[in-house]
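K.L.:
Read in order, the letters of the sequence shown are residues 97 to 155 in the numbering used here.
Heads up, the beta-carbon is just placed ideally off N, CA and C, and yes, glycines get one too.
Note that this is a predicted model, so its numbers are computed, not measured.
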Amino acid sequence: MAFDTQLMDILACPVCKGKLDYDKENQELICKFDRLAYPIEKDIPVLLENEARRLTQEA
Numbered sequence: 097m098a099f100d101t102q103l104m105d106i107l108a109c110p111v112c113k114g115k116l117d118y119d120k121e122n123q124e125l126i127c128k129f130d131r132l133a134y135p136i137e138k139d140i141p142v143l144l145e146n147e148a149r150r151l152t153q154e155a
């Protein structure tokens with residue numbers, strides 16, 4: 097089983113409610129506006145702000 101990319105149509109950033117981008121290589125959902133990366137664990141997105149990783153300027 098793998099992350100279902102069809103979910104991307106309904107998933108939103110829990111902070112700003114904006115669009116998320118799927119980073120397949122790192123298994124994360126990225127909010128470019130808030131510069132947060134939400135992990136995908138066992139094919140389930142963890143959309144909790146306190147679980148998100150802050151993105152650096154280069155990312």
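#1: Shortest alpha-carbon distance to A98 belongs to which of R131, E121 and E145?
#2: On the DSSP bridge list, what partners appear for A133?
#3: Going by DSSP in three states, D139 sits in which element: helix, strand or coil?
#4: Look up D119 in the DSSP assignment and say whether it is helix, strand or coil.
P.N.:
A quick look at the data gives this:
#1: E121
#2: I126 and R149
#3: coil
#4: strand
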